[in-house]
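Visitor:
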Amino acid sequence: MRPINKKAVIISAELTKCTDKTNKHNTDILETLIVKHGLSYKHLVGSYKGIREASFLVEYDTQLPLILDWAEKLEQESVLLLDEDRNAQLFDFKDQQGVIIGKLQAITSKQAIKLENFSYCPLNNQFFGVL
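In this note's numbering, the protein residues as written are 881 to 1011.
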């Protein structure tokens, strides 16, 4: 993942209650929406609460309300908001608020395994975690 110089969000369309087929379908829908709106993005493999899921790092300017709407419609519990300096805020849809939880940093695979939540970018074989 290249350095972020725009605001970004890490978002997934997968749910533990769904089948692999449904999760793949929802991920395809989300990617189609991202592409349709001309947003720059990267494929990630995320681990959220210890469960691996397909996810995306999506850069945005003014489109955050739209992206949050997608996540809410896809019944996501939360998304990770990143500012230009990679400060990370976990936005919870139940509470409709964000909590600053640290800074997104490059980490080793050994560090990632010890974390409940991390992201992996297959494009450059790099792990990222909020520390």
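Glycine included, C-beta positions come from ideal geometry on N, C-alpha and C.
Which two residues bound the contiguous alpha helix (DSSP H) that contains His-905?
Guide: Per DSSP, His-905 is one residue of the alpha helix (DSSP H) stretching across 900 to 916.
Visitor: Buried or exposed: Val-1010, going by 16 or more other Cβ atoms within 10 Å of its Cβ?
Guide: buried
Visitor: Can at least three beta-carbon pairs, one atom from the region 885 to 896 and one from the region 941 to 961, be found at a separation below 8 Å?
Guide: yes
Visitor: Check whether the Cβ atoms of Ile-987 and Phe-1008 lie closer than 8 Å to each other.
Guide: A contact, by the Cβ cut-off of 8 Å.
Visitor: Taking Ser-920 as part of the beta strand (DSSP E), name the residues at either end of that continuous run.
Guide: Unbroken run through Ser-920: none, as it is neither H nor E.
Visitor: According to DSSP, Asn-1004 sits in a beta bridge with which residue or residues?
Guide: None; Asn-1004 has no bridge partner.
Visitor: For the 8 Å Cβ check, are there 3 or more pairs between the region 999 to 1006 and the region 919 to 927?
Guide: Contact holds: three or more Cβ-Cβ distances are below 8 Å.
Visitor: If you draw a straight line from the alpha carbon of Asn-967 to that of Lys-897, how long is it in whole angstroms?
Guide: 30 Å
Visitor: Is the beta carbon of Lys-973 sitting closer than 8 Å to the one on Glu-957?
Guide: Per the sequence presented here, residue 973 reads as Phe, with Lys not at that position. Yes, the Cβ-Cβ distance between Phe-973 and Glu-957 is below 8 Å.
Visitor: Going by the DSSP bridge assignment, what does Asn-967 pair with across the sheet?
Guide: Note: Asn-967 sits in a beta bridge opposite Lys-983.
Visitor: For the candidate residues Gln-991, Ile-993, Thr-942, Ser-935, whose alpha-carbon lies nearest to that of His-905?
Guide: Ser-935
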